[in-house]
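Trainee: Take a look at the following structure, please.
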Amino acid sequence: MVQPRKVTKLEIARNWLPRYTGMAIDDFGEYVLLTNFSHYVQHFAEQFGCDIQGIGRPMQAATNSAGLTIVNFGIGSPNAAIIMDLLTARAPEGVLFLGKCGGLKTTTEIGHFILPIAAIRGEGTSDDYFPPEVPALPSFKLHKFVSDKIIQHGLEYRTGVIFTTNRRVWEHDEVFKERLNVATAIGIDMETATIFIVGHKNEISRGALLLVSDVPITPEGVKTEESDAKVTKQWADLHLQIGIEAMTHLGKHGEPIKHFQY
1076 MVQPRKVTKL EIARNWLPRY TGMAIDDFGE YVLLTNFSHY VQHFAEQFGC DIQGIGRPMQ
1136 AATNSAGLTI VNFGIGSPNA AIIMDLLTAR APEGVLFLGK CGGLKTTTEI GHFILPIAAI
1196 RGEGTSDDYF PPEVPALPSF KLHKFVSDKI IQHGLEYRTG VIFTTNRRVW EHDEVFKERL
1256 NVATAIGIDM ETATIFIVGH KNEISRGALL LVSDVPITPE GVKTEESDAK VTKQWADLHL
1316 QIGIEAMTHL GKHGEPIKHF QY
């Protein structure tokens, strides 16, 4: 009896990456910016005069003439895992996540940038990729280029551990807030740990540059539509520009980032 052929992960990714983004695989660059925000993609396309693909699809993407691609993959840990799996169809040299996070320390203020040294896997999605004891880590060499660009702009940044959760509405939950306090994380988001772990699984070099958009451990610090609009107006363009410069410089001058599975 002839056994049915098994479909491979790579076959799925090659079919689904264009289906989700509207962009042909060959049009993806070797370096990729990931974001949750449509206006980041719009500003990128306006800056470089390139078309936005995937309008009306789950994800939108654009690639400039230098071979840098930006993708709006949506919000949340499952979407982060999807894009990091689908990018195996392109096997990019490096991926940088430009996201927002909530600050959990009094020293972490709105408008600060954070380069996470690790992420706590509180979201659950990453458990499908590695056991819980495997740490969620970025690629050091990639973060070095991001750090250099931040310094060139005359800015400071914070480092520390990000707590990644699959909960979007938790600011009312005192028990959960105490858990965050015990974890001693510097910030909280919904994607970073997933991007780090799935990138590790798929042998994709990855990093994250997070913008502190709120301080949710205090009632007056919980994000609102008005407060988020202020953050976007004041810091979003700079956030995007640092990511563009870092990944462009990495593509032109960076040594290859090797990924090892142990």
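Heads up: the sequence shown is residues 1076 to 1337, going by the working numbering.
All C-beta atoms, glycine included, are put in the ideal place defined by N, C-alpha and C.
Within 10 Å of its beta-carbon, does K1175 have 16 or more other beta-carbons around it, so buried, or fewer, so exposed?
Mentor: buried
Trainee: Return helix, strand or coil for L1285, following the three-state DSSP convention.
Mentor: strand
Trainee: Can you tell me which residues form a DSSP beta bridge with P1191?
Mentor: G1235
Trainee: Is it true that the CB of P1207 sits closer than 8 Å to the CB of I1237?
Mentor: no
Trainee: Would DSSP call G1124 helix, strand or coil?
Mentor: coil
Trainee: Taking 8 Å as the threshold (C-beta atoms), are D1203 and T1239 in contact?
Mentor: no
Trainee: Compare the C-alpha of M1134 against each of G1229, M1159, Q1309 and name the closest.
Mentor: Closest option to M1134, Cα to Cα, is M1159.
Trainee: So, using beta-carbon positions, are G1129 and A1120 closer together than 8 Å?
Mentor: no
Trainee: For V1244 and V1077, I'd like the C-alpha separation in whole angstroms.
Mentor: 51 Å
Trainee: Alpha helix (DSSP H) containing K1219: first to last residue?
Mentor: 1215-1227
Trainee: If you follow the beta strand (DSSP E) that D1264 is part of, which residue opens it and which one closes it?
Mentor: 1262-1264
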